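Asker: In the numbering used here, the protein residues as written are 146 to 596. Backbone N, C-alpha and C fix where the C-beta goes; we use that ideal spot for every residue, glycine too. Quantities reported herein were computed from a predicted structural model and do not represent experimental measurements. Mind having a look at this structure? Questions to follow.
Have a look at this one:
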């Protein structure tokens with residue numbers, strides 16, 4: 146028996162079907178998906194009405210269901226053909242068909258012909274049936290071939306395949322909680338970060354001016370391919386099982402590159418900080434829910450002022466209702482914003498520790514004036530030490546990060562005015578920053594020369 150609320154009927158049916166339970170009967174409560182206070186007060190009056198509806202539904206004779214109309218029928222043909230009085234018309238017909246089947250992001254697609262897919266597969270030594278990961282919520286296998294198909298549609302080059310494979314490993318890692326991210330009503334999406342100066346240069350990935358912006362094929366198409374993979378292999382569509390009420394431009398999936406030259410030897414790149422060898426390029430997925438740039442005027446661009454501005458954003462971005470305590474957050478600094486840190490020889494660990502100590506709230510705000518409890522977090526228990534401190538003194542301050550290592554700091558972008566951005570995450574899931582190594586094929590040099 147499915148008991149759901151208005152607006153979530155299709156979502157409930159879809160998830161039941163995905164779990165092999167499509168014949169489950171459903172009762173829809175006459176209230177909003179997230180009830181208003183006035184509706185909650187009316188729940189007692191709805192009790193008998195709901196109970197009667199449940200009994201009636203249980204007793205009703207089962208009628209085989211083909212599933213909700215919103216759920217697409219499976220297309221079994223391996224090869225699809227499209228025709229028209231011109232190439233342009235045939236392409237338009239393909240676009241319409243793909244949109245009707247929810248295989249598109251709305252932008253023009255590159256036709257995934259067999260020739261184009263075979264060309265894309267040159268970017269990896271792995272067999273086409275190799276499974277990289279399971280894409281939630283459908284739980285379908287992301288094979289090398291299916292990754293290549295979506296890469297072609299997004300406009301990728303074959304040499305992007307190693308990056309795409311590692312990115313799929315990131316988002317399908319259980320620590321990333323892709324099921325939660327794909328189905329939540331919150332505006333959360335992967336933000337991809339590539340680290341590896343030599344590879345960034347070889348693939349012409351933008352790590353300078355407008356690092357998260359248009360104009361660079363690799364940044365645009367790699368991010369787009371991951372979005373298509375999440376949507377097409379994960380079988381996700383807005384209003385069906387993607388329940389994001391507002392959405393976000395981050396859902397197009399952005400790829401930014403770490404600007405290693407800006408460290409000037411002061412810091413190791415993020416991949417080394419996370420435990421990888423310097424020579425090993427990596428890609429990371431950050432479950433990002435916000436994007437708020439901040440300008441640091443040159444007359445006040447000191448380390449202390451930079452830390453102050455970052456901590457202000459960290460406190461504002463704390464989600465008191467979703468309780469995203471204990472999850473990873475990210476700070477982006479432009480080279481000019483990082484320069485005072487470099488000149489003062491402040492280590493990454495030192496800056497992380499300083500921010501951990503600065504990003505705090507009074508206990509009364511942390512627990513929203515409720516009784517402190519380890520169960521206050523949505524997905525993670527609040528440590529006992531914090532609970533006891535707050536019980537003893539509601540005005541005491543408590544950190545919003547689990548530890549200094551929860552804050553990932555990356556330098557990216559171009560020179561010029563000092564800018565920073567604080568990237569927070571959501572709290573209704575347990576999603577973390579995930580980093581994976583990028584494995585290049587033995588014939589990498591030849592691949593770059595060919596394409």
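#1: Who are residue 336's beta bridge partners in DSSP?
#2: Per DSSP, what kind of secondary structure is residue 388 in: helix, strand or coil?
#3: Can you round the beta-carbon distance between residue 341 and residue 583 to whole angstroms, since I take them to be within the 8 Å contact cut?
#4: Excluding the 5 residues preceding and the 5 following residue 259 in the sequence, name in chain order all residues of the same chain whose CB lies nearer than 7 Å to its CB.
#5: Return the CA-CA distance between residue 394 and residue 432, expressed in angstroms with no decimal places.
#6: If I measure Cβ to Cβ from residue 452 and keep anything under 8 Å in the same chain, skipping five residues before and after, which residues do I get?
#7: If you count every other CB in all the chains shown that lies within 10 Å of the CB of residue 328, and 16 or more means buried, which is it?
#8: With the cut-off set at 8 Å, would you say residue 303 and residue 264 are in Cβ contact?
#9: Would you give the residue range spanned by the alpha helix (DSSP H) that residue 511 belongs to?
#10: In three-state DSSP terms, what is residue 109?
#11: Where does the unbroken beta strand (DSSP E) through residue 280 begin, and where does it stop?
#12: From residue 378 to residue 425, what distance separates their C-alpha atoms?
#13: With 16 other CB atoms within 10 Å as the buried threshold, where does residue 168 fall?
#14: Would you call residue 211 buried or exposed, if buried means 16 or more other Cβ atoms sit within 10 Å of its Cβ?
#15: If we require 3 or more residues per run, which beta strand (DSSP E) segments fall completely within the region 243-287?
#16: Buried or exposed for residue 597, please, with buried defined as at least 16 other CB atoms from any protein chain shown within 10 angstroms of its CB.
#17: In the DSSP assignment, what residue or residues form a beta bridge with residue 564?
#18: Is it the case that the Cβ atoms of residue 337 and residue 280 are separated by a distance below 8 Å?
#19: Let me know the secondary structure DSSP gives residue 151 once reduced to three states.
#20: Taking 8 Å as the threshold (C-beta atoms), are residue 454 and residue 441 in contact?
#21: Helix, strand or coil for residue 303, going by three-state DSSP, please let me know.
#22: With DSSP collapsed to three states, give me the class of residue 557.
#23: Alpha carbon to alpha carbon, how far is residue 480 from residue 356?
#24: Using CA atoms only, rank isn't needed, just tell me which of 419, 428, 458 is closest to residue 436.
Answerer: Concretely, from the data shown:
#1: 399, 431
#2: coil
#3: 7 Å
#4: none
#5: 14 Å
#6: 496, 499, 500, 503
#7: buried
#8: yes
#9: 508-511
#10: Examination of residue 109 is not possible in this model, given that the chain is present from 146 through 596 alone.
#11: 276-280
#12: 28 Å
#13: exposed
#14: Residue confidence is low: residue 211 scores 45 on pLDDT, short of 50, so the model does not pin down where it sits. No coordinate-derived value is stated.
#15: 276-280
#16: Only positions 146 to 596 of the chain appear in this structure, which leaves residue 597 out of reach.
#17: 440
#18: no
#19: strand
#20: yes
#21: helix
#22: coil
#23: 12 Å
#24: 458
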